[in-house]
Structures are given as structure tokens and as C-alpha cells.
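If you read the sequences in order, they're chains F and P.
With my numbering applied, the first sequence closes on residue 732, and no number is skipped along the way.
With my numbering applied, the second sequence closes on residue 155, and no number is skipped along the way.
Quick reminder that beta carbons are idealized off the backbone N, C-alpha and C, glycines included.
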Amino acid sequence: MNKHISPRLNRRAFVIGTAAVGAGLAIGLDIPFGGPAVVRAADGSPEIGAWVVVRPDDTVVIRIARSEMGQGSLTGLAQLVAEELECDWTKVTTEYPTPGQSVARKRVWGDFSTGGSRGIRSSQDYVRKGGATARVMLIQAAADAWKVPASECTAANSVITHAPSGRTTTYGKVAEAAAKLTPPADVKLKDPKDWKLIGKGVKRLDTVDKTTGAMIYGVDVKLPGMLNAAIKDCPVFGGKLKSFDEAKIAGMKGVKKVVKVGDTAVAVVADTWWHAKTALEALPIVWDEGDNAKVSSESIAKWLAEGLADAQPAYVGNKNGDAKAAIAGAAKKVEAIYSYPYQNHATMEPMNATALYTADKCEVWCGTQNGEAAFAAVLEASGLPAEKCDVHKVMLGGGFGRRGQTDYVRQAVMIAKQMPGTPVKLLWSREEDMAHGRYHPITQCKMTGAFDANNNLIALHYRLSGQSILFSLRPEALQNGMDPVAFQGVAQSGDAAFGYSVPNLLVEHAMRNPHVPPGFWRGVNVNHNAIYMECFMDELAQAAGQDPLEFRRKLMGNHPKHLAVLNAVAEKIGWNTPAPQGVYRGIAQVMGYGSYVAGAAEISVTDGSKIKVHRIVASTDPGYVVNPAQVERQVAGSFVYGLSALFYGGCTVKDGKIEQSNFDTYNSMRINEMPKVETVMVPSGGFWGGVGEPTIGVAAPAVLNAYFAATGKRVRSVPLRDQNITFA
Amino acid sequence: MANLTINGKTLTLDVEPDTPLLWAIRENAGLTGTKYGCGIAQCGACTVHIDGVAMRSCGISVSEAEGKKITTIEGLASGDTLHKVQDAWIAQDVPQCGYCQSGMIMAVAALLNEKPKPTDADIDEAITNICRCGTFQQVREAIHTIASA
């Protein structure tokens with residue numbers, strides 16, 4: 005057994021608020037005579053550029069702006085910086101700058117948003133430059149001290165060497181001098197073939213505390229004198245709080261205050277959360293539910309189904325030829341309608357945030373996927389200017405897109421504002437979390453495929469009807485009303501491009517936005533688009549009397565990267581060799597979040613309805629692989645998320661409210677249902693794709709296509725739970 | 007008031023007897039490694055050992071836990087020496103977000119105590135914790151690694 009390994013993750017970044025409210029990273033600026041300012045970290049160590057702090061003992065602190073929520077990009081981003089920095093990886097630690105500090109320094113750490121599998125792919129260039137900049141400055145400082153040209157010095161493993169004279173020094177020894185130098189205007193990044201750390205499956209930097217209970221999540225934040233709040237928001241979205249009878253709970257133990265939160269919610273503040281929750285449950289509340297109380301899953305389904313009709317308006321997302329004319333004149337046509345429900349993220353840690361408001365300051369401690377959005381929410385809810393606000397990020401107990409939203413941050417501030425000087429931790433119950441998600445959008449899809457007399461696919465009409473995320477969350481990003489994100493996986497080009505060539509193609513979206521609030525969700529639009537397209541591809545192959553893999557291959561000649569990952573899974577699963585007795589295969593491919601992915605499943609089915617998923621093979625081409633061990637975990641994990649969604653996911657609406665309330669009615673896969681996932685990485689280089697989400701897209705269609713192979717039955721709606729199909 | 011023996015220490019806590027043990031551990035004893043996930047004994051994030059048996063602390067009242075030996079994730083190591091499950095979790099980089107892992111580790115430690123060499127079927131039966139990140143493959147591998155050590 006090991007001794008306790010000292011946590012590699014810089015604990016200060018996580019307990020910053022619990023130890024010293026308001027402590028920041030940078031505590032001072034040295035203004036040296038005639039040189040640039042030196043920015044110092046809280047312990048006095050100098051910054052060598054914004055991304056790197058070097059301590060005298062050679063410890064390197066790498067700043068991470070994106071959020072770690074399990075996906076491993078904290079470690080991957082540190083690898084990117086360390087690769088260029090040429091530092092000793094065993095002495096690397098990380099810390100989160102706060103959004104307030106970043107804003108005060110003209111957003112020196114760039115975008116904090118951590119979603120869309122962008123953590124690495126959209127910051128890889130400037131964080132590597134951050135590492136390279138620091139290396140150049142450290143080498144220059146050593147060269148200056150030795151009075152030799154910097155070009156004669158090299159750096160490796162935090163040691164700088166001047167080969168001609170045989171002298172060496174370390175980063176820690178020259179850090180002070182380096183910090184006083186003017187950073188180089190431009191730096192050259194390494195050729196990928198020279199990478200030593202990028203591409204290596206090094207261990208995560210945040211594991212130890214996650215095994216001892218020491219890791220601080222939002223739910224664990226403690227501040228001196230802190231109270232706890234439980235909240236209930238109107239269960240009908242869009243409804244309002246009418247009244248509550250505070251007197252009824254006045255004598256309950258621990259209760260300190262009952263507060264209205266905006267127009268829609270009420271919170272009980274108490275000494276402990278258990279007291280707050282118990283009192284909240286006893287509080288009589290009257291809601292003004294409004295017209296949305298008439299909405300049900302049935303009424304939504306009916307409205308979406310109407311949108312499938314050609315006569316209804318729709319946005320065109322991808323088009324070539326004349327699909328409608330080709331279908332009208334075709335020798336044979338195939339039609340099918342699929343649907344996908346609302347789904348909750350169900351992060352293991354329910355939403356929460358801790359806020360401390362005083363007349364001239366407002367600070368929040370929370371897990372967030374977007375520190376800057378949380379910061380903006382604090383400004384807005386507190387009414388204070390940026391220099392008087394900040395957000396201290398802590399570890400997220402899951403994100404999956406949910407913690408990109410800031411509703412819970414806003415609520416915490418609105419509560420704390422009513423109790424100035426007292427820190428208040430707001431924690432949602434699981435029931436509140438289920439009732440107030442930002443759900444995977446609901447859609448239906450009608451697809452029509454047409455063949456010529458020789459069974460060649462000549463036309464495809466793909467008509468979505470349903471919800472737009474951007475309409476609700478970022479209307480400014482709509483393009484003349486159209487939501488481009490709705491076409492993830494079936495788009496003409498970009499980071500989620502369609503992988504088939506069909507001579508006459510029409511992909512369109514009849515936008516219909518029910519009152520249930522949608523949100524980005526792990527994989528989100530790729531998930532349903534991949535089910536629709538890839539299951540329908542199987543239907544088309546069947547209609548043409550062709551093997552599903554061969555049928556696809558014929559349409560993919562102009563899409564070599566899509567084809568390469570499909571071929572990789574086909575080969576690995578042994579598509580051309582018979583499956584074991586009683587075992588059936590399904591296959592699927594899609595592009596999402598900049599990466600090409602494919603999946604193949606081997607399943608058996610008993611009694612026509614009990615599915616055992618024996619084996620999954622998944623391939624991904626994300627361009628570059630920063631940490632293969634983490635990519636493997638993301639791919640395996642994405643099948644848990646994707647298959648949980650397929651088998652169990654699904655939030656239904658009754659009287660305007662979500663009906664599911666906890667894991668008993670919204671189940672998630674367990675270990676006994678977990679298939680063996682074999683990951684095939686085929687990085688082709690030259691681009692940077694995402695990893696956390698794309699493979700979810702192929703999880704469900706691969707299994708559904710295998711289910712058809714096993715039973716001859718097509719399943720066209722999710723979740724399987726509603727059709728009495730279960731895990732064996 | 008209640009007397010609870012947690013991680014070898016008997017604590018006198020100002021807590022009502024019907025309070026779920028989970029909240030007494032987190033809020034009254036101040037040990038936050040044990041997590042709240044569902045409150046209805048479904049997800050297993052709050053798993054602790056009661057007299058050596060893995061149990062979901064959200065479903066046990068303080069009065070039921072009095073007089074029993076309660077072990078939380080903070081008490082699993084022996085002094086500075088980590089438990090073999092924690093060691094294996096670190097060696098195999100099991101956690102992703104990590105929120106469910108305290109409960110997962112406690113459940114696995116209890117399983118291995120009872121069955122030092124569990125089969126896949128034993129694991130399937132005993133480990134019913136939810137992990138939304140999807141660490142099951144690494145959990146299973148780590149259990150087998152410990153069992154074969």
C-alpha cells in the first residue's frame with residue numbers, strides 16, 4: 005500500500021474561498037525600474053506570462069481557464085502547456101484563475117466556456133504559445149546571466165543547458181529574472197512529430213483527492229457563518245410564485261428566513277440544508293401556473309408531428325439537387341418517422357452555488373462550465389460592477405452541458421442579496437434538479453429515401469420538426485431565424501458535416517419551440533440526428549437488399565475521413581466474419597464536434613425485448629490525441645451516457661411539468677449493463693477535434709441497428725423503457 | 007442530540023434522531039467526502055460502512071446508526087496508508103468527475119472484504135452505484151487488478 009501521495013492538484017485553487025475569502029491569484033505587481041511589471045501569484049512566485057508560474061523549487065503552476073468536470077481536459081491542457089514549456093512534468097500543478105481576474109486583465113486567459121467538446125480544441129493554440137513564451141523567457145534569463153546567446157542554450161525537463169560551456173541551471177533559479185523580461189512577440193510551436201508529452205497517456209492531475217473524499221465540489225464549500233438554502237421554483241416552466249405561508253414553518257428547527265427568489269421561486273434559509281429542505285417541504289406555496297399548465301407530452305408530440313408536413317415552413321440546412329422531384333419520380337421509396345424525447349442531464353451533483361453579498365462586494369463559489377457566464381450572472385443579479393464581483397470555481401460533480409447555464413448562480417445571489425454579509429449555500433434537491441433541467445431538445449424526424457430501378461439511392465429528404473436550443477439560449481446566434489446547431493451531424497460542412505453523397509438531398513428543420521427549456525447536453529443534436537440518419541441508413545440498406553456497411557461505403561467515396569473510422573470499427577469488430585451464435589451486429593458513423601467517429605455493437609436479445617450488449621467497438625479521429633488514456637475513458641463513458649439515454653432517458657410532460665422526479669423514475673445504466681468498449685484511435689492529424697461528446701452519437705444507432713438484425717423489428721423512438729425493451 | 011461513532015471517534019452531535027445519517031455526516035460531523043446524489047437510496051453516492059457493511063446513508067436515520075461503527079471515505083485509509091481500493095483507483099485513474107467515487111470506493115471495499123476475488127457476476131450484483139460519467143469499465147478493471155494482486 006502507498007503512503008498518501010500529496011495531491012498534485014493545487015488545493016489552493018479549490019479551497020481558496022474557504023480559507024481566505026477574496027484571495028486572488030495575483031497579489032501584487034512589482035514595477036521594476038525600466039522594465040515590465042512582474043505579476044506574482046498568491047505565494048509570491050512570479051508569472052512567466054499569464055499561463056505559467058514558476059516557484060523557486062522548480063514547481064510549475066499552469067493556469068487552466070476551462071473547467072474540469074471529469075472529461076480530463078485539465079490534465080490535457082496542462083500537457084499542452086508543458087510540452088512547449090519543456091518543464092518537468094512531475095513538478096506540474098494547476099490552478100484556476102478567476103473570471104474576475106481575467107476580465108480585470110483584459111481577458112488574458114481567453115474564453116472560460118467549457119462545452120461543445122471545445123476545452124482543448126479551441127484553446128490548444130494559445131495555451132501552447134503560453135508554454136512556449138515562458139520557455140523562451142526562461143532560456144533568455146539564463147543566457148543573460150551567463151552572457152551567452154540564447155540560441156546556444158536549450159531547455160528540457162525544467163533544466164536549461166549551455167552546451168558549449170557545460171553550464172546548467174533550473175527554471176526555478178531563473179524565474180525571477182525571466183519574469184522581468186518582455187515576452188517575445190511571437191513564438192514558434194513544435195512540429196507535432198517532435199511532441200514528447202502530447203500523445204502520452206499520462207495520469208490525471210486530479211485523481212488523488214477524488215479517492216479520499218478531500219476534493220471540494222460546490223456542494224462541499226464551507227464559509228464562516230454560512231447558512232444553507234433549499235429552493236422550489238414554479239414546477240410549470242413560465243409560471244410564477246403567487247404566495248407562500250411563512251407562518252406555518254416559523255417555529256421549525258434551524259429556519260432563519262424564507263425568501264422570494266425572483267418572480268418564480270421561494271427558498272428557505274436555515275442553519276443546515278436538511279433543516280432548510282424539511283421546512284421547504286412543509287411550506288404551503290401557491291403557484292400561478294399560467295397557460296403552460298395545459299401542455300402535455302401528447303400535445304407537444306402532436307404539434308411536432310404537424311411540423312413534419314411539407315406544407316409547414318422549415319429552414320433548409322443542407323441541400324443539393326432536387327430531392328422532392330427525385331422522390332416523386334423514383335422507382336421505389338422508403339419512409340420512416342423517428343422521435344427523440346426530452347432528457348435531463350442528471351449530473352451526480354445537483355445544481356448548487358454559494359454566494360456572499362455585501363454592499364460593495366459579491367462573490368460566488370460554484371462548479372460552472374463557463375466561469376465568465378457565471379461572472380456575468382453575478383454582476384447582473386447583484387447589481388454590482390465587475391471590479392466588485394468574482395466567481396471562484398470548484399470541481400464539478402458532472403456538467404454534460406447543464407452547468408453551462410447560470411440559473412442556479414443567479415438564484416444564489418438573489419438569496420444572498422436578501423441576507424447581506426451572510427454567506428448562503430443554495431443546493432437543489434434531486435427533485436428540483438429533475439424539475440428544472442435545461443433539457444435535451446425534443447424532436448421528430450421524417451425521412452424519405454428514393455431509389456432508381458437499380459437500387460441506387462438517388463434522393464433523401466430529412467425533415468426535422470422540433471426544438472431549437474439557440475432560439476431559447478442564444479437567439480442572437482440564429483441565422484435569419486435558422487438554428488445551424490440543429491443540423492449537427494447532417495450539416496453541409498463544418499465540424500459536424502454529413503458523411504454521405506446523395507445526388508438529391510434536402511435537410512430541413514421545422515422549428516417548434518415548446519415551453520420546456522432546452523439546453524446543450526452531452527452530444528445534444530448529434531445524438532438524435534445520428535439515430536435518425538444512421539437507423540434510416542439501415543432501413544435504406546435493407547430496402548435495397550444490401551449489407552448496411554457496404555451500402556454506406558458506396559455513398560462515402562467523397563468523405564474519406566468519415567469512411568476511415570467506419571472501416572476501422574468494421575475491421576475491429578470483424579464485420580465480414582460471422583458473429584458468435586445468437587449475437588447480432590449493428591454499425592453507425594457520424595461527425596460531431598470536429599471529430600469523425602463510428603461505432604459497432606454486438607448484442608443478443610432474449611424474449612424479443614431483453615438486450616445484452618456484449619461488445620462495443622468505437623473509433624475516433626479527433627485529428628490529434630493529447631492523452632490517449634483519457635480519450636479511451638471519454639469514449640467508454642460516452643457509451644454509458646448514450647446507452648443510458650437510449651434505454652432509460654426521457655422526460656415526459658404532464659400539466660406543464662416534468663413528470664420524472666429522481667433516479668427511480670429516470671434511471672441510469674449500472675455496471676451490470678456496461679458492455680466492454682474497445683476504442684480505436686485513428687488520429688489523422690492536421691486538425692483538432694473534440695472528444696468528450698462525439699461518440700455518444702453512434703452509441704444508440706449501433707445498438708438499435710443490431711436490435712433490428714436480431715429481431716427484424718425497427719425501433720423508432722426513445723427511450724426503450726417506454727416500449728418495454730430493457731437490458732437483459 | 008445523538009452520539010455517532012464515525013471513523014473511530016464518538017461524536018456528540020446536535021441533530022434530530024430522524025435526520026438521515028448522510029446529512030448528520032456532512033453537516034453536523036463536517037465530513038463532506040460522502041455525497042448527496044438522490045436522497046432515496048438509488049444512486050449510492052452516499053455509501054458508507056455501517057459495522058463493515060456498505061449502506062446508503064441517505065436511507066438510514068441517525069437513531070438507527072447510533073451505537074454502530076460508521077466508516078466514511080475519510081476513514082477508509084489507515085492513517086497515512088491508503089486502502090488498497092484507493093491505491094488501485096489512483097493507479098488506474100478510475101475517477102472522472104469523481105463525485106460518485108466516494109460511494110463507489112466504499113461499495114467496492116465492502117465487496118472485496120466479503121469476496122476477495124469477486125467474479126464479474128459478483129461485481130454486477132454488488133456494485134449498483136450510478137456513475138453518469140461512465141467509469142464502469144475502469145471500476146471493473148481496477149477490482150480485478152486488486153483481486154489478482
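Query: Would you call the segment 116-125 of chain F in contact with the segment 594-610 of chain F, where contact means no fewer than 3 C-beta pairs closer than 8 Å?; Result: yes
Query: Mind checking whether methionine 451 of chain F and alanine 340 of chain F have CB atoms under 8 Å apart?; Result: yes
Query: Would isoleucine 675 of chain F count as contacting chain P if we go by Cβ distances under 8 Å?; Result: yes
Query: Taking the alpha helix (DSSP H) that methionine 141 of chain F belongs to, which residues open and close that run?; Result: 128-150
Query: Taking the Cβ atom as the reference point for each residue, do methionine 256 of chain F and valine 428 of chain F lie within a distance shorter than 8 Å?; Result: no
Query: Is alanine 353 of chain F helix, strand or coil by DSSP?; Result: The residue you asked about is not alanine; residue 353 of chain F is glutamate in the sequence shown. If DSSP states are grouped into helix, strand and coil, glutamate 353 of chain F belongs with coil.
Query: In chain order, what residues of the same chain have a beta carbon less than 6 Å from the beta carbon of alanine 155 of chain P, not counting five sequence neighbours either side?; Result: none
Query: Have a look at glutamine 83 of chain F and valine 57 of chain F and give me their C-alpha separation to the nearest angstrom.; Result: 15 Å
Query: Excluding sequence positions up to five away, which residues of its chain have a Cβ less than 7 Å from the Cβ of asparagine 666 of chain F?; Result: Arg434, Glu435 and Met438
Query: Following the continuous beta strand (DSSP E) through serine 608 of chain F, name the residue where it begins and the one where it ends.; Result: 599-610
Query: Quick one, which of F/Met141, F/Trp150, F/Val206 and F/Pro168 has its alpha-carbon nearest alanine 182 of chain F's?; Result: F/Met141
Query: Residues of chain F with CB under 7 Å from threonine 25 of chain P, in chain order?; Result: Trp278
Query: Taking contact to mean 3 or more Cβ pairs, one atom from each stretch, closer than 8 Å, check whether the segment 468-480 of chain F and the segment 441-451 of chain F are in contact.; Result: yes
Query: Can you tell me where the alpha helix (DSSP H) with leucine 559 of chain F in it begins and where it stops?; Result: 552-559
Query: With a cut-off of 8 Å, does the C-beta of cysteine 52 of chain P fall near any C-beta of chain F?; Result: no
Query: Between which two residues does the alpha helix (DSSP H) carrying aspartate 157 of chain P extend?; Result: Here chain P covers residues 7 to 155 and nothing more, so residue 157 of chain P does not appear.
Query: Does DSSP put histidine 440 of chain F in a helix, a strand or coil?; Result: coil
Query: I'd like to check one pair, glycine 371 of chain F with tyrosine 221 of chain F: are the Cβ atoms closer than 8 Å?; Result: yes
Query: Can you tell which of F/Tyr130, F/His279, F/Thr610 and F/Ser247 has its C-alpha closest to the C-alpha of glycine 586 of chain F?; Result: F/Thr610
Query: Output needed for alanine 457 of chain F: all residues of its chain with C-beta closer than 6 Å, excluding positions within five of it in sequence on either side, in chain order.; Result: Ala335
Query: Note down the Cα distance separating tyrosine 361 of chain F from threonine 268 of chain F, rounded to an integer number of angstroms.; Result: 21 Å
Query: Beta-carbon of phenylalanine 643 of chain F versus every beta-carbon of chain P: anything under 8 Å?; Result: yes
Query: Select from the segment 135-148 of chain P all residues with a C-beta closer than 9 Å to any C-beta belonging to chain F, and list them in chain order.; Result: Asn135, Ile136, Cys137, Arg138, Cys139, Gly140, Thr141, Phe142, Gln143, Gln144, Val145 and Arg146
Query: Among the residues of its own chain, which have a CB less than 6 Å from the CB of serine 343 of chain F, if the five just before and after it don't count?; Result: Gln448 and Ser721
Query: Since cysteine 539 of chain F is in the beta strand (DSSP E), which residue starts that stretch and which ends it?; Result: No beta strand (DSSP E) holds cysteine 539 of chain F; the alpha helix (DSSP H) holding it covers 528-547.
Query: Return no unless some Cβ of chain F is closer than 8 Å to the Cβ of serine 108 of chain P.; Result: yes
Query: Please state whether DSSP places aspartate 237 of chain F in a helix, a strand or coil.; Result: strand
Query: With 8 Å as the threshold, decide whether the Cβ of aspartate 128 of chain P is near any Cβ in chain F.; Result: no
Query: Which parts of the segment 451-531 of chain F are runs of the beta strand (DSSP E), unbroken and 3 residues or longer, counting only runs that do not cross its ends?; Result: 461-470 and 508-515
Query: For proline 156 of chain P, return the contacting residues in chain F, with the cut-off set at a CB-CB distance below 7 Å.; Result: With chain P running from 7 to 155 in the structure shown, residue 156 of chain P is simply not present.
Query: Give the straight-line distance between the Cα atoms of asparagine 161 of chain F and aspartate 61 of chain F, rounded to the nearest whole angstrom.; Result: 13 Å
Query: Could you say which of F/Val719, F/Ala350, F/Ile235 and F/Ala714 lies nearest to methionine 673 of chain F if we only look at CA atoms?; Result: F/Ala350
Query: Within 8 Å (strictly less), CB to CB, does alanine 60 of chain P reach chain F?; Result: no
Query: Ends of the beta strand (DSSP E) at lysine 429 of chain F?; Result: 428-431
Query: Flag glycine 14 of chain P as yes if its beta-carbon sits less than 8 Å from any beta-carbon of chain F, otherwise no.; Result: no
Query: Taking only beta-carbon atoms, is serine 127 of chain F less than 8 Å away from chain P?; Result: no
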